[in-house]
Amino acid sequence: MPACLSVLRGVKDFMRDSDFGLRRLHSLLGIIPIGLFLTQHLIINHFATQGVEAFNKASDFMGNLPFVLWLEWIVIYIPLMFHAFFGLYIAFTAKPNTNRYGTYRNWMFLLQRITGVILVVFIAWHIWQTRIQKALGADVNFDMMADILANPFMVAFYVLGVISATFHFANGFWSFLVTWGITQSPRSQRLSTYVMMGLFLVLSVIGIRAIFAFV
Amino acid sequence: MAETAVKERNEATATKTVRFKIQRQDSPESSPYWETFDVPYRQNMNVISALMEIRRNPVNSEGKKTSPIQWEMNCLEEVCGACSMVINGRPRQSCTALVDQLTQPITLEPMRTFPVVRDLVVDREVMFDSLKKVKAWVPIDGTYDLGEGPRMPERKRQWAYELSKCMTCGVCLEACPNVNDKTNFIGPALISQVRLFNTHPTGAMNRDERLDALMQDGGLQECGNSQNCVVACPKGIPLTTSIAAMNRAASVYSFKRFFGSDHMVD
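Listed in order, the protein sequences are those of chains X and H.
Numbering (full-length UniProt numbering) for the first sequence: 1 to 215.
Numbering (full-length UniProt numbering) for the second sequence: 1 to 266.
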């Protein structure tokens, strides 16, 4: 038990000492690779609108990339897990006060945290339904998604998940630009707000179209 | 003659009262409670003059005698920050909170981001400790006369003057969702102060030391970009611009510190 406690204390000390590095890493990983992967994932999904054949061809290509397991762990699982768990810590140490300041940015601050928590649940469920089922022997293809989305509750859940993801990415991209000191002036931050709104809309349309192609 | 006029006016408006709902707390450990007061209206009164009236006649709206409200004040012209409190849900200075511009009942609460001493008095020492941590000063002491520092361009001085208006009042910390008892975040005001002293031509000679301090646990990186600070700041300081500017400086500095550089202050 004392050994366990000292490990915990060690982790806590490490997190305190490297707070700056961890938060910057959290910001960076949200865009590279997670945001890029999300964009690519939604675009590949969009093949579903061109029919069963097109989707299966694209999904076979992605699923049979060389070094696919390495790619999955390095580009997706490890960054995603770090971003998710560190993000939960960030979300639950905030005390939102939109009742006091109902400004646009303060709402974005709250929504970023709400969508983040939704995404931890949604992505865990999504990985269980697809990637883990593949590891257990299921085939990843058009029919797999069509079966999942035959349930109207699942359609609603996937729409919520995709919208949360595109919002969290677009708004996170906005704060990434501030966090790294790229957008400084109020005008540059306002302009990047418009660009990110556009990104959110475009990615949402692509994502939702793909979902309804399976229904 | 003038005295009679004042007396007449006071009598004429004596029936009009202003209702205050005040959150009180008898000691740092005791639990808070609400008490309401009906204060006789006077023209142009502010929250402080109302609190003074309650102090003169500490009777609550039920007609019971009570202890006078404790609060802090100093300059009475919004440059010291001492009289900051939460008025109708928003943190601000009570000296510039004019009763005519507030909806009633006017609620007064202490800024609970800080430890409450009594009633509306809070202990803002954490901010002064943070100012020491980030070395918010220009060091000029030496073993001999160092002479004049570099000249500061006039346009830069004018710009820096805006940042120097910060009075460490704590309103931006009270408004920030990331400054609370679960975090160590030092808050927006402190980040802007580092920018002020790192911009000063003599202060810039130690800019890496301030950035180092600003990037410790609870530093700049804990900003969540809710941007409430810039809305709340009574002095109109561009706090979010300062935060983004220090983010850029910290990005460059962190690369230098990680990879090594022989240019730490320029």
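Glycine included, every Cβ here is placed at the ideal spot set by N, Cα and C.
Between the options, which has its C-alpha nearest residue i's C-alpha?
{"i": "Ile76(X)", "options": "Trp107(X), Thr115(X), Ile123(X)", "result": "Ile123(X)"}
{"i": "Met152(H)", "options": "His200(H), Thr66(H), Pro238(H), Cys233(H)", "result": "His200(H)"}
{"i": "Pro177(H)", "options": "Gln221(H), Asn228(H), Lys21(H)", "result": "Asn228(H)"}
{"i": "Arg118(H)", "options": "Tyr33(H), Leu173(H), Gln101(H), Ser261(H)", "result": "Tyr33(H)"}
{"i": "Trp73(X)", "options": "Thr179(X), Ile34(X), Asp13(X), Ile114(X)", "result": "Ile34(X)"}
{"i": "Arg210(H)", "options": "Met73(H), Asn184(H), Val134(H)", "result": "Val134(H)"}
{"i": "Gly219(H)", "options": "Ser130(H), Gly260(H), Ala245(H), Gln158(H)", "result": "Ser130(H)"}
{"i": "Asp17(X)", "options": "Ser254(H), Ala249(H), Met215(H), Phe259(H)", "result": "Met215(H)"}
{"i": "Gly87(X)", "options": "Val117(X), Arg105(X), Val68(X), Ser59(X)", "result": "Val117(X)"}
{"i": "Met145(X)", "options": "Trp107(X), Phe212(X), Val120(X)", "result": "Phe212(X)"}
{"i": "Ala175(H)", "options": "Gln221(H), Cys233(H), Asp123(H)", "result": "Cys233(H)"}
{"i": "Arg195(H)", "options": "Ala213(H), Met52(H), Leu76(H)", "result": "Ala213(H)"}
{"i": "Gln101(H)", "options": "Val252(H), Leu239(H), Met45(H)", "result": "Met45(H)"}
{"i": "Asp26(H)", "options": "Ser67(H), Tyr253(H), Val47(H)", "result": "Ser67(H)"}
{"i": "Phe114(H)", "options": "Ile22(H), Asn184(H), Asp38(H)", "result": "Asn184(H)"}
{"i": "residue 222(X)", "options": "Pro152(X), Ser204(X), Gly181(X)", "result": "This structure gives no information on residue 222(X), because the portion of chain X shown stretches from 1 to 215."}
{"i": "Ala189(H)", "options": "Asn225(H), Met205(H), Ile243(H)", "result": "Ile243(H)"}
{"i": "Lys165(H)", "options": "Glu35(H), Ser31(H), Arg257(H), Glu78(H)", "result": "Glu78(H)"}
{"i": "Leu239(H)", "options": "Asn206(H), Asp217(H), Phe259(H), Gly187(H)", "result": "Gly187(H)"}
{"i": "Pro40(H)", "options": "Ile22(H), Arg112(H), Ser61(H), Gln23(H)", "result": "Ser61(H)"}
{"i": "Leu173(H)", "options": "Ile54(H), Ile69(H), Phe128(H), Thr36(H)", "result": "Phe128(H)"}
{"i": "Ser59(X)", "options": "Pro66(X), Arg23(X), Phe47(X), Phe67(X)", "result": "Phe47(X)"}
{"i": "Val202(X)", "options": "Thr166(X), His41(X), Ala54(X)", "result": "Thr166(X)"}
{"i": "Ile180(X)", "options": "Gly170(H), Ala250(H), Glu125(H)", "result": "At residue 180(X) the sequence reads Trp, which differs from the Ile that was named. Selected option, being the one with the closest Cα: Ala250(H)."}
{"i": "Leu119(X)", "options": "Val140(X), Ile182(X), Arg131(X), Leu38(X)", "result": "Leu38(X)"}
{"i": "Asp217(H)", "options": "Phe14(X), Pro79(X), Phe92(X)", "result": "Phe14(X)"}
{"i": "Arg248(H)", "options": "Tyr194(X), Ile182(X), Asn99(X), Phe169(X)", "result": "Ile182(X)"}
By the DSSP assignment, the beta strand (DSSP E) with residue i in it spans what residues?
{"i": "Met85(H)", "result": "84-87"}
{"i": "Trp73(X)", "result": "Per DSSP, Trp73(X) belongs to no beta strand (DSSP E) and is neither H nor E."}
{"i": "Trp107(X)", "result": "Premise fails: Trp107(X) lies in the alpha helix (DSSP H), 104-127, not in any beta strand (DSSP E)."}
{"i": "Val117(H)", "result": "116-118"}
{"i": "Pro91(H)", "result": "90-93"}
Let me know if residue i comes out buried or exposed under the rule of 16 or more other beta-carbons within 10 Å of its beta-carbon.
{"i": "Met1(H)", "result": "Because the pLDDT at Met1(H) is just 48, under 50, the model does not fix this residue reliably, and the point stays unresolved."}
{"i": "His263(H)", "result": "exposed"}
{"i": "Pro150(H)", "result": "exposed"}
{"i": "Leu177(X)", "result": "buried"}
{"i": "Lys235(H)", "result": "buried"}
{"i": "Glu29(H)", "result": "exposed"}
{"i": "Pro91(H)", "result": "buried"}
{"i": "Leu163(H)", "result": "buried"}
{"i": "Gly172(X)", "result": "buried"}
{"i": "Tyr89(X)", "result": "exposed"}
{"i": "Gly161(X)", "result": "buried"}
{"i": "Ser27(X)", "result": "buried"}
{"i": "Ala156(X)", "result": "exposed"}
{"i": "Asn74(H)", "result": "exposed"}
{"i": "Arg19(H)", "result": "exposed"}
{"i": "Met197(X)", "result": "exposed"}
{"i": "Phe255(H)", "result": "exposed"}
{"i": "Ala50(H)", "result": "buried"}
{"i": "Ala245(H)", "result": "buried"}
{"i": "Pro96(X)", "result": "buried"}
{"i": "Ser94(H)", "result": "buried"}
{"i": "Asp208(H)", "result": "buried"}
For the alpha helix (DSSP H) containing residue i, name the first residue and the last one.
{"i": "Tyr158(X)", "result": "152-179"}
{"i": "Gln101(H)", "result": "Taken as a continuous stretch (DSSP letters only), Gln101(H) belongs to no alpha helix (DSSP H), as it is neither H nor E."}
{"i": "Ile186(H)", "result": "Run containing Ile186(H): none; DSSP gives neither H nor E here."}
{"i": "Phe255(H)", "result": "239-259"}
{"i": "His41(X)", "result": "36-45"}
{"i": "Thr193(X)", "result": "186-214"}
{"i": "Leu25(X)", "result": "19-29"}
{"i": "Arg207(H)", "result": "207-214"}
{"i": "Met145(X)", "result": "142-148"}
When DSSP builds the beta bridges, which residues end up paired with residue i?
{"i": "Pro40(H)", "result": "Thr17(H)"}
{"i": "Lys235(H)", "result": "Lys235(H) pairs with nothing; no bridge assigned."}
{"i": "Thr107(H)", "result": "Lys21(H)"}
{"i": "Lys57(X)", "result": "None, per the DSSP bridge assignment."}
{"i": "Val59(H)", "result": "Lys65(H)"}
{"i": "Asn46(H)", "result": "Leu98(H)"}
{"i": "Trp34(H)", "result": "Gln23(H)"}
What I want to know is whether the C-beta of residue i ends up closer than 8 Å to one or more non-hydrogen atoms of the ligand NAD.
{"i": "Trp180(X)", "result": "Inclusion of the ligand NAD in the displayed structure is not the case, the ligand content being empty and no account of it being possible."}
Legend entry - Length at least 4, wholly inside the stretch 109-177 of chain H: the alpha helix (DSSP H) runs in chain order: As summarised for the stretch 109-177 of chain H, the continuous alpha helix (DSSP H) elements at least 4 residues long and confined to that stretch are 125-133, 154-163, 171-175, given in chain order.
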